[in-house]
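Student:
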Amino acid sequence: MSGSKFSSPGDADAHALDLTVHVPPEDEALRALSRSDQTRRGRIMMVVVVLLCALPVLASYFTFYVIKPQGQAYGELIAAQPELPPTLPLRDLDGKAVAPASLHQQWLLVVVDGGSCVGECENHLYMQRQLREMLGRARDRVDKVWLVTDDAPIQPALLKALQATPSTTVLRVPADALRQWLQPATGQALASHLYLVDPMGRWMWRSPAHPDPMKIKKDLDRLLKASVHWDQAGRPQ
11 MSGSKFSSPG DADAHALDLT VHVPPEDEAL RALSRSDQTR RGRIMMVVVV LLCALPVLAS
71 YFTFYVIKPQ GQAYGELIAA QPELPPTLPL RDLDGKAVAP ASLHQQWLLV VVDGGSCVGE
131 CENHLYMQRQ LREMLGRARD RVDKVWLVTD DAPIQPALLK ALQATPSTTV LRVPADALRQ
191 WLQPATGQAL ASHLYLVDPM GRWMWRSPAH PDPMKIKKDL DRLLKASVHW DQAGRPQ
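Heads up, the sequence shown is in the numbering used here, so the first residue is 11 and it goes up one at a time.
1. Among V238, D161, A171 and Y84, whose alpha-carbon lies nearest the alpha-carbon of A148?
2. Does the Cβ of T178 have 16 or more other Cβ atoms within 10 Å, making it buried, or fewer, making it exposed?
3. Counting pairs of Cβ atoms below 8 Å between the region 92-100 and the region 202-221, do you hit three or more?
4. Three or more C-beta pairs under 8 Å: does that hold for the region 190-198 against the region 167-176?
5. Can you list the alpha helix (DSSP H) stretches of 4 or more residues lying completely in the region 165-220, in chain order?
6. For the beta strand (DSSP E) containing L233, name the first residue and the last one.
7. Nearest by alpha-carbon distance to K235: which of V152, L204, L100 and L98 is it?
8. If you drop the 5 nearest sequence neighbours on each side, which residues of the same chain put their C-beta closer than 7 Å to that of D102?
9. Given that a residue counts as buried once 16 or more other Cβ atoms are within 10 Å of its Cβ, and exposed if not, what is P221?
10. Closest to L168 by C-alpha separation, out of C131, G146, D161 and S202, would be which residue?
11. Measure from the alpha carbon of D231 to the alpha carbon of each residue in Y84, A201 and T49, then state which is nearest.
12. Using a threshold of 8 Å, state whether the C-beta atoms of V121 and L135 are closer than that.
13. Looking at the structure shown, is D150 part of a helix, part of a strand, or coil, going by DSSP?
14. Relative to the alpha-carbon of P184, which residue among K106, L100 and I226 has its alpha-carbon at the smallest distance?
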């Protein structure tokens, strides 16, 4: 209709387009830069928080593996830290093969001797048991292991005592194969010492021959304390 005040649909669309707010390109760039800065700051803060949480663990690793808690050590800390060989031919008392990796994730206080086990061997096994009990709350982080280096039968009474709670892990392994991992001090036999292995399977420490249990305990306390931030008792199920 001529003179009508009503606009056509096309005019309405054009009017709507005229009202659209156009943001200059430089403002969009500034906003994007601001969002990028916020994201970067957030990531930095997250890294800082993670590092702060991990600091005690990193410090204990540094103390344990770099500085080494030697102090006035009674036994010998093993500098090379030989790892438990994944091919070490371990067998249980039934002759079944045992994977070396199954011993990981616990400290191992190790006695080495033949199956007949008389004299010094019996003393070492008794000392092993007493030392673990003397560790108090830390004892749950330590397993007792007897590596039997021959096929000689074990006395039934001794075996029964070893199986009492908490039991001792008894495994057979050829002496020659074991010497590729654990080694005695110069002039000593493999069975002359107690050995300590960390939860990652690294041989860390060796007692003197004819050891004094009270002096050994001080070494064990020092080593376990240095690793308390990263080592937990027990193995994952």
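Each residue gets a CB set at the ideal place from its N, CA and C atoms; glycine is no exception. Quantities reported herein were computed from a predicted structural model and do not represent experimental measurements.
Tutor: Answer, in terms of the structure:
1. Counting from 1 along the sequence shown, the entry for residue 148 is found at position 138. Of the listed residues, the one whose Cα sits closest to A148 is V238.
2. Indexing the sequence shown from 1 puts residue 178 at position 168. Flag for T178 reads buried.
3. The region 92-100 makes contact with the region 202-221: 3 or more CB pairs, one atom from each, lie closer than 8 Å.
4. Put simply, the region 190-198 does not touch the region 167-176. Fewer than three CB pairs are less than 8 Å apart.
5. If only complete runs of 4 or more residues are kept, the region 165-220 shows the alpha helix (DSSP H) at 166-172 and 185-188, in order along the chain.
6. Stepping through the sequence shown from its first residue, residue 233 is reached at position 223. Note, L233: premise wrong, no beta strand (DSSP E); alpha helix (DSSP H) at P223 to A236.
7. What you label residue 235 is simply residue 225 of the sequence shown in a count that begins at 1. Taking only the C-alpha atoms, the option nearest K235 is V152.
8. Taking the first residue of the sequence shown as position 1, residue 102 is located at position 92. Correct list, in chain order: V108 and L181.
9. Working through the sequence shown from its first residue, we reach residue 221 at position 211. Buried is the label assigned to P221, since at least 16 other Cβ atoms lie within 10 Å of its Cβ.
10. Here residue 168 corresponds to residue number 158 of the sequence shown, with the count starting at 1. Among C131, G146, D161 and S202, the Cα nearest to that of L168 belongs to C131.
11. Along the sequence shown, read from residue 1 onward, the residue named residue 231 stands at position 221. Closest by alpha carbon: Y84.
12. If you number the sequence shown from 1, residue 121 lands on position 111. If you number the sequence shown from 1, residue 135 lands on position 125. L135 is positioned such that its CB atom lies closer than 8 Å to that of V121.
13. Reading the sequence shown from its first residue, position 140 is the one you call residue 150. DSSP places D150 in helix when its eight states are reduced to three.
14. On the sequence shown, position 174 is the one that residue 184 refers to. Nearest C-alpha to P184 among K106, L100 and I226: L100.
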